[in-house]
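Q:
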Amino acid sequence: MADGKAKSTPLLDIRNLRIEATVYPPGEAPKTITLVHDVSLTLEKGKVLGLIGESGAGKSTIGLSSMAYGRGGVRITGGEVILNGRDILKAGPKGVRALRGREVCYVAQSAAAAFNPAHKLIDQVVEAALLHGTATRAEAEKRAVALFKKLSLPNPETIGERFPHQVSGGQLQRVMTAMALCSEPDLIVFDEPTTALDVTTQIDVLSAIKDAIRDTHVAALYITHDLAVVAQVSDEIMVLRHGRLVEWGGTRQIIKEPRQEYTNALVSVHEIEHKEQQPGTAPMLSVKNVTAAYGGGHVKVLKNVSVDIYPGQTLAVVGESGSGKSTLARAITGLLPPEQGSVVFDGRTLGNRLADRPKEDLRQLQMIYQMADVAMNPRQTVGTIIGRPLEFYFGMKGRERDKRVAELLDEIEMGKGFIDRYPAELSGGQKQRVCIARSLAAKPKLIICDEVTSALDPLVAHGILKLLLNLQQVEKVAYLFITHDLATVKSIADSIAVMYRGEVVRYGAKSKVLTPPFDAYTDLLLSSVPEMEIGWLEKAIAGRRMESAGN
Amino acid sequence: MSSPILRLVAQRILLGMVLLLAVSVLIFAGTQILPGDVAQAILGQAATPEALANLREQLGLNDPAWLRYLHWLGGILHGDFGTAQSSGLDIASSISTRLKNTLFLAACAAIVAVPLAVILGLIAVRYRNGFVDKLISGLALASTSFPEFFIGYVLIFVFAVHWQIFPSISTVDESTPFLERLQAVVLPATALTLVVLAHMMRMTRAAILNVMQSAYIETAELKGLKPFDVIRKHAFPNAIAPIVNVVMLNLAYLIVGVVVVEVIFVYPGMGQYLVDHVSKRDVPVVQAVGLIFAAVYITLNIVADIAAIVANPRLRHPK
Numbered sequence: 097m098a099d100g101k102a103k104s105t106p107l108l109d110i111r112n113l114r115i116e117a118t119v120y121p122p123g124e125a126p127k128t129i130t131l132v133h134d135v136s137l138t139l140e141k142g143k144v145l146g147l148i149g150e151s152g153a154g155k156s157t158i159g160l161s162s163m164a165y166g167r168g169g170v171r172i173t174g175g176e177v178i179l180n181g182r183d184i185l186k187a188g189p190k191g192v193r194a195l196r197g198r199e200v201c202y203v204a205q206s207a208a209a210a211f212n213p214a215h216k217l218i219d220q221v222v223e224a225a226l227l228h229g230t231a232t233r234a235e236a237e238k239r240a241v242a243l244f245k246k247l248s249l250p251n252p253e254t255i256g257e258r259f260p261h262q263v264s265g266g267q268l269q270r271v272m273t274a275m276a277l278c279s280e281p282d283l284i285v286f287d288e289p290t291t292a293l294d295v296t297t298q299i300d301v302l303s304a305i306k307d308a309i310r311d312t313h314v315a316a317l318y319i320t321h322d323l324a325v326v327a328q329v330s331d332e333i334m335v336l337r338h339g340r341l342v343e344w345g346g347t348r349q350i351i352k353e354p355r356q357e358y359t360n361a362l363v364s365v366h367e368i369e370h371k372e373q374q375p376g377t378a379p380m381l382s383v384k385n386v387t388a389a390y391g392g393g394h395v396k397v398l399k400n401v402s403v404d405i406y407p408g409q410t411l412a413v414v415g416e417s418g419s420g421k422s423t424l425a426r427a428i429t430g431l432l433p434p435e436q437g438s439v440v441f442d443g444r445t446l447g448n449r450l451a452d453r454p455k456e457d458l459r460q461l462q463m464i465y466q467m468a469d470v471a472m473n474p475r476q477t478v479g480t481i482i483g484r485p486l487e488f489y490f491g492m493k494g495r496e497r498d499k500r501v502a503e504l505l506d507e508i509e510m511g512k513g514f515i516d517r518y519p520a521e522l523s524g525g526q527k528q529r530v531c532i533a534r535s536l537a538a539k540p541k542l543i544i545c546d547e548v549t550s551a552l553d554p555l556v557a558h559g560i561l562k563l564l565l566n567l568q569q570v571e572k573v574a575y576l577f578i579t580h581d582l583a584t585v586k587s588i589a590d591s592i593a594v595m596y597r598g599e600v601v602r603y604g605a606k607s608k609v610l611t612p613p614f615d616a617y618t619d620l621l622l623s624s625v626p627e628m629e630i631g632w633l634e635k636a637i638a639g640r641r642m643e644s645a646g647n
Numbered sequence: 270m271s272s273p274i275l276r277l278v279a280q281r282i283l284l285g286m287v288l289l290l291a292v293s294v295l296i297f298a299g300t301q302i303l304p305g306d307v308a309q310a311i312l313g314q315a316a317t318p319e320a321l322a323n324l325r326e327q328l329g330l331n332d333p334a335w336l337r338y339l340h341w342l343g344g345i346l347h348g349d350f351g352t353a354q355s356s357g358l359d360i361a362s363s364i365s366t367r368l369k370n371t372l373f374l375a376a377c378a379a380i381v382a383v384p385l386a387v388i389l390g391l392i393a394v395r396y397r398n399g400f401v402d403k404l405i406s407g408l409a410l411a412s413t414s415f416p417e418f419f420i421g422y423v424l425i426f427v428f429a430v431h432w433q434i435f436p437s438i439s440t441v442d443e444s445t446p447f448l449e450r451l452q453a454v455v456l457p458a459t460a461l462t463l464v465v466l467a468h469m470m471r472m473t474r475a476a477i478l479n480v481m482q483s484a485y486i487e488t489a490e491l492k493g494l495k496p497f498d499v500i501r502k503h504a505f506p507n508a509i510a511p512i513v514n515v516v517m518l519n520l521a522y523l524i525v526g527v528v529v530v531e532v533i534f535v536y537p538g539m540g541q542y543l544v545d546h547v548s549k550r551d552v553p554v555v556q557a558v559g560l561i562f563a564a565v566y567i568t569l570n571i572v573a574d575i576a577a578i579v580a581n582p583r584l585r586h587p588k
């Protein structure tokens with residue numbers, strides 16, 4: 097080890113990095129908190145280091161420190177960041193500007209937000225190269241087109257003439273990678289570049305990024321919360337938690353022989369044992385040949401969809417974005433009246449429109465959403481939020497209501513100490529728990545869960561899934577579980593419907609749906625879920641039978 | 270130009286025309302509600318009933334209101350605003366010179382005020398929450414907070430009385446040569462600039478600060494762009510719509526709201542003309558000026574709407 101590192105000075109050498117921010121908690125004096133505690137790392141030329149951890153672990157903050165950048169009032173207060181042999185924290189504003197976009201480039205999580213909507217893609221891709229004078233306009237554009245080709249973007253010659261909104265999310269993420277590579281930097285910081293993408297798109301982008309890194313010999317910091325993803329591209333992995341180093345080692349060692357308990361928890365996070373229940377005699381809710389459309393019938397988003405949900409069981413609906421999963425939920429709840437077909441609940445047909453349904457029907461079907469924080473009124477306390485359905489459906493008041501709210505808080509493992517808290521004071525997982533309690537308060541027979549764990553860290557999501565399964569046992573409630581994450585499906589579903597472009601392409605009991613032979617789309621979906629295994633990416637790409645919808 | 274954008278623009282223009290028509294109905298109806306009629310006003314209290322009846326017949330006042338409205342509107346569409354009761358002069362020809370004067374003054378003020386406000390807004394964002402930002406905001410707010418007549422008299426005192434650089438009275442007529450005309454409006458244009466500056470500056474600042482929260486601003490910063498270039502190249506193009514909106518509102522104000530400044534500097538513009546004839550209860554003139562002012566407001570707002578549509582890349586370049 098000693099002679100391996102002595103050969104060359106590292107490209108990036110971060111020593112005892114300390115990063116702080118001032119927070120302004122409501123009703124208290126401002127205080128300084130430490131986000132990163134004395135973290136050190138080194139990165140050789142052409143190597144990839146994966147930074148992994150949950151939100152709040154300080155991964156992005158550390159990544160951005162390699163560009164001497166502190167996001168939103170964050171301050172680098174201690175340590176050294178030595179890039180190409182000099183401490184960039186002492187470089188001054190001009191020195192820092194000279195290295196940003198030239199020596200180090202950044203690829204953001206959401207390319208859709210990180211591209212300026214007002215400018216053509218090509219202008220943004222070549223901007224840094226022109227600014228730093230590393231190429232003439234013609235050279236930079238030629239390089240950009242070559243990179244578009246390498247990243248297998250469609251129409252590489254002309255895609256640069258488009259505006260960001262004219263290009264799909266997966267393609268935009270690859271254009272962003274091209275933008276980072278265009279000024280031929282020594283280091284690229286990838287900040288969750290595939291997290292916002294569908295699994296089938298993620299695999300394309302991931303392999304494009306991996307090839308580009310290999311061919312250009314650029315070094316990279318790859319930030320993600322998904323260990324399976326980072327295992328595909330990294331030489332080494334650093335596990336972080338609460339701004340401290342947990343474990344740092346080679347990729348194989350981290351995923352096969354983790355030394356720390358926390359790393360072990362991350363590695364084994366997806367596994368929940370859930371025994372499949374046999375469908376009962378009569379379904380509780382049947383969706384019968386539903387066709388629905390937006391824009392006055394112009395855009396058909398559901399085509400002749402039929403599924404059944406049995407009492408106390410879980411139907412998982414899987415598919416990519418745009419496959420019509422959420423629209424199915426809207427049709428069932430009456431928010432989008434179907435054009436044809438019907439929804440049968442407990443043996444009777446429900447009104448098509450929300451306005452046609454009596455209060456009792458509304459009570460029986462509840463929803464939980466992906467974004468817990470926007471699904472709650474920020475000016476109401478947890479007690480008011482959970483108590484609202486109790487008042488609305490059951491007319492509960494005063495002490496009776498408070499008692500029931502406390503019971504519900506116990507059920508979601510939070511306790512009645514939270515009754516007077518506001519949503520802003522809760523963590524992401526706690527917010528989602530409050531939303532679960534609110535839906536349970538109505539004592540529904542069916543809860544529609546729309547991507548409820550997608551915005552959460554794996555370990556937190558794991559806790560939410562366990563809670564939902566426990567509650568199902570206790571309350572005998574059925575779930576319609578909408579998700580794009582197949583690992584979640586395996587842990588929670590009794591039956592599965594796979595949706596593709598508004599149609600159900602595969603439907604049945606979990607064991608049946610997940611057993612070969614597969615149809616082409618289910619095969620693509622299943623084979624795109626990253627596995628925690630070195631070399632999985634290459635195998636998966638080689639074994640594909642169809643192109644993903646992103647292309 | 271693609272078809273959705275053309276459709277939207279055509280829609281806005283059509284809507285503006287309908288609106289203008291509605292305003293013309295309101296203006297006409299409003300003057301009908303007033304007690305007395307034109308014949309009474311012309312002949313005065315001492316008129317004999319026969320004379321009144323004759324004049325009414327002559328002026329067509331016995332026709333139903335909708336017919337008179339159509340006559341009035343038809344005349345306007347042919348450029349005939351009728352004659353002023355008080356002076357007997359043709360309204361269209363008196364207005365045309367005054368409107369030219371008003372537009373000239375407004376244009377002079379706008380050419381200085383709009384770029385200055387936008388640039389000051391950009392600078393304020395660059396040094397946001399710092400000394401420069403506070404100085405700009407403070408001065409702009411102070412200049413807006415002083416009443417127009419106060420600013421006007423201060424300008425006259427300093428530049429016309431004390432230093433004697435510019436005239437205190439801005440009377441011009443059609444024979445005034447361009448340079449002299451320009452010299453005459455320097456002080457009133459300055460006063461107007463000071464009045465409208467802060468509103469546009471602060472809106473520019475707020476609109477750009479709003480955009481500065483976006484992820485693509487961070488992208489630009491991480492490319493190594495200078496702070497001012499980030500604002501100019503990446504923030505400003507996305508803040509155009511709200512800025513144009515407030516600029517147009519202020520331009521409209523420069524045209525229709527300058528009565529006080531015109532009076533102070535004795536400038537023969539529309540505002541003074543309107544005030545004169547309101548005090549003389551000269552209904553045809555008030556109607557004509559009201560309609561022109563409404564047209565100015567509606568046109569400028571349509572321009573703002575169209576600018577916002579054209580500035581939106583999603584509409585300009587559909588998928």
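Heads up: the protein sequence lines correspond to chains V and Z, in order. Position 310 (the first sequence) corresponds to 406 in this note's numbering; numbering is contiguous. Position 23 (the second sequence) corresponds to 292 in this note's numbering; numbering is contiguous. All C-beta atoms in this analysis are idealised placements derived from N, C-alpha and C, irrespective of residue type, glycine included.
(1) Identify every run of the alpha helix (DSSP H) within the region 189-215 of chain V, keeping only runs that are complete inside it and at least 4 residues long; order them along the chain.
(2) With a CB to CB cut of under 6 angstroms and the five nearest residues on each side skipped, what residues in its chain are close to Z:Gly348?
(3) Please return the same chain residues whose Cβ sits closer than 6 angstroms to the Cβ of V:Gln462, not counting the five positions on each side in sequence.
(4) List the whole-angstrom C-beta distance separating V:Ile218 from V:Glu237, where the pair is believed to meet the contact cut-off of C-beta under 8 angstroms.
(5) Grab the span of the beta strand (DSSP E) containing V:Arg602 for me, first residue to last.
(6) With 9 angstroms as the limit, tell me which residues of the region 573-586 of chain Z have their beta carbon closer than that to any beta carbon of chain V; keep them in chain order.
(7) Which word fits V:Ala451, buried or exposed, when buried means at least 16 other C-beta atoms lie within 10 angstroms of its C-beta?
(8) Using a Cβ cut-off of 7 angstroms, pull out every chain Z residue sitting near V:Gly197, in sequence order please.
(9) Helix, strand or coil for Z:Arg367, going by three-state DSSP, please let me know.
(10) With respect to the beta strand (DSSP E) encompassing V:Ile129, which residues constitute its N-terminal and C-terminal limits?
(11) Which residue spans inside the region 416-483 of chain V form an unbroken beta strand (DSSP E) run of at least 3?
(12) Would you list the one or two residues that DSSP bridges to V:Cys545?
(13) In chain V, which residues lie less than 8 angstroms from Z:Tyr485 when you measure between Cβ atoms?
(14) Could you confirm whether any beta carbon from chain V is found closer than 8 angstroms to the beta carbon of Z:Thr440?
(15) For V:Ala207, which residues of its own chain have a beta-carbon under 6 angstroms away from its beta-carbon, when the five flanking residues on both sides are left out?
(16) Does the structure place the region 575-589 of chain V close enough to the region 510-529 of chain V that three or more beta carbon pairs sit under 8 angstroms?
(17) Determine, using beta-carbon pairs with one atom in the region 332-350 of chain V and one in the region 565-572 of chain V, whether at least three such pairs fall under 8 angstroms.
(18) How close, in whole Å, do the beta carbons of V:Leu147 and V:Leu108 come, if the pair is a contact with beta carbons under 8 angstroms?
(19) Tell me whether Z:Ser365 is buried or exposed, calling it buried when 16 or more other Cβ atoms sit within 10 Å of its Cβ.
(20) Using a Cβ-Cβ distance cut-off of 8 angstroms, determine whether V:Tyr575 contacts chain Z.
(21) Between V:Asp615 and chain Z, is any beta-carbon pair separated by less than 8 angstroms?
(22) Restricting to Cα atoms, I'd like to know which of V:Thr105, V:Arg640, V:Thr611, V:Ala589 is closest to V:Glu369.
(23) Should the region 482-493 of chain Z be regarded as contacting the region 421-431 of chain Z, the criterion being three or more beta carbon pairs within less than 8 angstroms?
(24) Just to confirm the assignment, what range does the beta strand (DSSP E) spanning V:Gly118 have?
(25) Could you check which residue in V:Gly265, V:Thr611, V:Thr312 has the C-alpha nearest to that of V:Ser279?
(26) Which class does Z:Asn581 belong to by DSSP, given the choice of helix, strand or coil?
(27) Beta-carbon separation of V:Ser156 and V:Ile115 under 8 angstroms?
(28) Check each residue of the region 220-232 of chain V: if its Cβ is closer than 9 angstroms to any Cβ of chain Z, include it; give the result in chain order.
(29) With a 10 Å radius around its C-beta and 16 neighbouring C-beta atoms as the bar for buried, classify V:Met595 as buried or exposed.
(30) Can you confirm whether the region 564-576 of chain Z touches the region 493-508 of chain Z when touching is taken to mean that 3 or more C-beta pairs between the two stretches lie within less than 8 angstroms?
(31) With 8 angstroms set as the bound, which would you pick, yes or no: does the beta-carbon of V:Gln356 sit closer than that to a beta-carbon of chain Z?
(32) Since I believe Z:Ile477 is in contact with Z:Ala508 (beta carbons under 8 angstroms), could you give me their beta-carbon distance rounded to a whole number of angstroms?
(33) Is there at least one Cβ from chain Z nearer than 8 angstroms to V:Tyr165's Cβ?
(34) DSSP puts V:Lys396 in a beta bridge; with which residues?
(35) Output yes if chain Z places a C-beta closer than 8 angstroms to the C-beta of V:Gln436; else output no.
(36) Since V:Trp344 is in the beta strand (DSSP E), which residue starts that stretch and which ends it?
A: According to the data block:
(1) The region 189-215 of chain V contains these whole alpha helix (DSSP H) runs: 207-210.
(2) Cβ within range, chain order: Ala361.
(3) Here V:Gln462 has Ser535, Ala538, Pro540, Ile543 as same chain residues with Cβ atoms under 6 angstroms from its own Cβ, once five neighbours each way along the sequence are excluded.
(4) Separation of the CB atoms of V:Ile218 and V:Glu237 is rounded to 6 angstroms, and the pair is thereby assigned contact status at 8 angstroms.
(5) The continuous beta strand (DSSP E) containing V:Arg602 extends over residues 599-605.
(6) The region 573-586 of chain Z vs chain V, Cβ under 9 angstroms: Ala580, Asn581, Pro582, Arg583, Arg585, His586.
(7) Counting Cβ neighbours within 10 Å, V:Ala451 comes out exposed, since fewer than 16 surround it.
(8) Near V:Gly197 (Cβ distances below 7 angstroms), the residues of chain Z are Leu491, Lys492, Gly493.
(9) It is helical.
(10) Here the beta strand (DSSP E) through V:Ile129 covers 127-139.
(11) Contiguous beta strand (DSSP E) elements confined to the region 416-483 of chain V occur at 436-441, 461-464, taking only those with 3 or more residues.
(12) For V:Cys545, which the question treats as bridged, DSSP gives the partners V:Ile464, V:Phe577.
(13) Residues of chain V whose Cβ lies closer than 8 angstroms to the Cβ of Z:Tyr485 are, in chain order, Ala209, Ala210, Phe211, Asn212, Pro213.
(14) Cβ-Cβ to chain V under 8 angstroms: no for Z:Thr440.
(15) If we look at V:Ala207 and ignore the five residues flanking it on each side, its Cβ neighbours are Leu268, Gln269, Met272.
(16) By the criterion of at least three beta-carbon pairs nearer than 8 angstroms, the region 510-529 of chain V is not in contact with the region 575-589 of chain V.
(17) Judged by Cβ distances under 8 angstroms, the region 332-350 of chain V makes no contact with the region 565-572 of chain V, as fewer than three pairs qualify.
(18) The pair is not a contact, with the Cβ atoms about 12 angstroms apart (cut-off 8 angstroms).
(19) By the neighbour-count rule (16 or more Cβ atoms within 10 Å), Z:Ser365 is not buried but exposed.
(20) Judged by the 8 angstroms Cβ criterion, V:Tyr575 is not in contact with chain Z.
(21) Answer no: the Cβ-Cβ gap between V:Asp615 and chain Z never drops below 8 angstroms.
(22) Of the listed residues, the one whose Cα sits closest to V:Glu369 is V:Ala589.
(23) The count of Cβ pairs closer than 8 angstroms, one atom from the region 482-493 of chain Z and one from the region 421-431 of chain Z, stays below three, leaving the stretches out of contact.
(24) Reading off the sequence, residue 118 of chain V comes out as Thr, not Gly. In the DSSP assignment, V:Thr118 falls within the unbroken beta strand (DSSP E) covering 108-119.
(25) Checking every option, the nearest Cα to that of V:Ser279 belongs to V:Thr312.
(26) The three-state reading of DSSP puts Z:Asn581 in coil, since its state is none of H, G, I, E or B.
(27) Contact flag unset, no.
(28) Listed by position, the residues of the region 220-232 of chain V near chain Z (Cβ gap below 9 angstroms) are Gln220, Glu223, Ala224, Leu227, His228.
(29) Buried is the label assigned to V:Met595, since at least 16 other Cβ atoms lie within 10 Å of its Cβ.
(30) With the cut-off at 8 angstroms, the region 493-508 of chain Z and the region 564-576 of chain Z do not touch.
(31) No, its Cβ sits nowhere closer than 8 angstroms to a Cβ of chain Z.
(32) Yes, Z:Ala508 and Z:Ile477 are in contact; Cβ-Cβ is about 5 angstroms, under 8 angstroms.
(33) Proximity of V:Tyr165 to chain Z, defined by a Cβ-Cβ separation below 8 angstroms, is satisfied.
(34) Beta-bridge pairing by DSSP links V:Lys396 to V:Ala389.
(35) With respect to chain Z, the C-beta atom of V:Gln436 has no partner C-beta closer than 8 angstroms.
(36) From DSSP, the beta strand (DSSP E) with V:Trp344 extends over 340-346.
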